[in-house]
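The numbering of the sequence shown is numbering that gives the first Met the number 0, which starts it at 0 and goes up by one.
Positions of the beta carbon are idealized from the N, C-alpha and C atoms, including for glycine.
Read the structure below first, then the notes.
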Amino acid sequence: MTHAEEPASEARTPGTAAVLTQTADIPVPGAPTRMTTYLARPAEPGDHPVVLLGGELWGLNDDIRAVARQVAALGHVAVVPNLYHRTDPASRDGFARSDANRAHAFDLVGRLTRDEVEADFRAAADHARPHAGAAGRTGILGFSLGGHLAYFAATRLRLAAAAIYYPGWLATPGTALSRPAPLLDDTDRIAEHGTRVALFYAGRDHIIDAAQVEAARTALTGAGVRHDITVHEEAPHAFFFPGHDTYDKVAADQSWERVADLFRTELRHGNG
């Protein structure tokens, strides 16, 4: 089922383009269920690179939908897949933040598999591609769990750029998609794809410590991945989203400027 497009005007910075949004339930090869996707694109026609998005533990909620509109306002086709569709079809609108929903979402995360997540991201990109015009490059943007999934996607998909916020479990075997081995073990695949990676961490993160940041830095440097790592020293985990106790406007705005530059450079002006 596809829902009609409608104008959406939210954007983080003034002077950015109006966007159109669409929610659609799309097929994924091999999946028994259809996957809900939220797509946001510039209202004006043109060549608009595709950006895949991965939200926090809470799935396809209003927070990540708002970010999709921000990405579209930069001139990209943003698409968010609901990666929980196989195990909880009722998750199409994401989850409110609560202890009960946290426990349920962690159960769903434990049931994700690498091959199925790859298939979902590929299906989402294929769904977005007709809106891209002649633009051929693809990027990804993810937050927390979505950052973990974005790192994984960069090991499987040929992405031009990956913007990754406070990704957990990259070096921890047995968690999320770090099964059976840590995702960092596959970093050389990111190098093979030529992906440029920007990582954003929080200095006061209660989940990700300095050792995990250094592990990511070591893996990326050792594999020869073009990358930048920024630590916002005064910010907590999940600093990006307004309206929550962990929001840090300075860190959110500064990091967003770097994301916009990354996508502008690699998706519009990069080689390949």
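Proximity below 9 Å, CB of residue i to CB of residue j
{"i": "Arg178", "j": "Thr264", "result": "no"}
{"i": "Ile207", "j": "Tyr150", "result": "no"}
{"i": "Ile139", "j": "Ala160", "result": "yes"}
{"i": "Leu169", "j": "Ala214", "result": "yes"}
{"i": "Ala67", "j": "Val49", "result": "no"}
{"i": "Leu158", "j": "Thr137", "result": "yes"}
Supposed close pair residue i, residue j - CB separation, criterion 8 Å
{"i": "Tyr83", "j": "Leu107", "result": "5 Å"}
{"i": "His75", "j": "Leu266", "result": "7 Å"}
{"i": "Ala218", "j": "His192", "result": "Not a contact, Cβ separation roughly 15 Å."}
{"i": "Pro235", "j": "Ala201", "result": "6 Å"}
{"i": "Asn60", "j": "Gly93", "result": "3 Å"}
{"i": "Ile25", "j": "Ala122", "result": "6 Å"}
{"i": "His120", "j": "Leu51", "result": "Looking at the sequence provided, one finds Phe at residue 120 rather than His. Correct: roughly 6 Å between the Cβ atoms."}
{"i": "Ala77", "j": "Leu19", "result": "No, Ala77 and Leu19 are not in contact; Cβ-Cβ is about 11 Å, not under 8 Å."}
{"i": "Gly53", "j": "Gly145", "result": "3 Å"}
{"i": "Leu73", "j": "Ala259", "result": "6 Å"}
{"i": "Asn81", "j": "Arg91", "result": "6 Å"}
Buried versus exposed, by CB contacts within 10 Å (16 or more), residue i
{"i": "Ala133", "result": "exposed"}
{"i": "Val249", "result": "exposed"}
{"i": "Pro166", "result": "buried"}
{"i": "His147", "result": "buried"}
{"i": "Gly58", "result": "buried"}
Under the three-state DSSP convention, the category residue i falls into
{"i": "Gly271", "result": "Note that Gly271 has pLDDT 40, beneath the 50 cutoff, so the model's placement of it is unreliable and the number below is only indicative. Looking at Gly271 - three-state DSSP - the assignment turns out to be coil, as it is neither helix nor strand."}
{"i": "Ser143", "result": "coil"}
{"i": "Glu117", "result": "helix"}
{"i": "Ser177", "result": "strand"}
{"i": "Arg33", "result": "coil"}
{"i": "Gly54", "result": "coil"}
{"i": "Val249", "result": "helix"}
{"i": "His130", "result": "helix"}
{"i": "Ala122", "result": "helix"}
{"i": "Phe240", "result": "coil"}
Residues that DSSP places opposite residue i in a beta bridge
{"i": "Arg203", "result": "Pro235"}
{"i": "Tyr164", "result": "Phe142, Phe199"}
{"i": "His226", "result": "Val196"}
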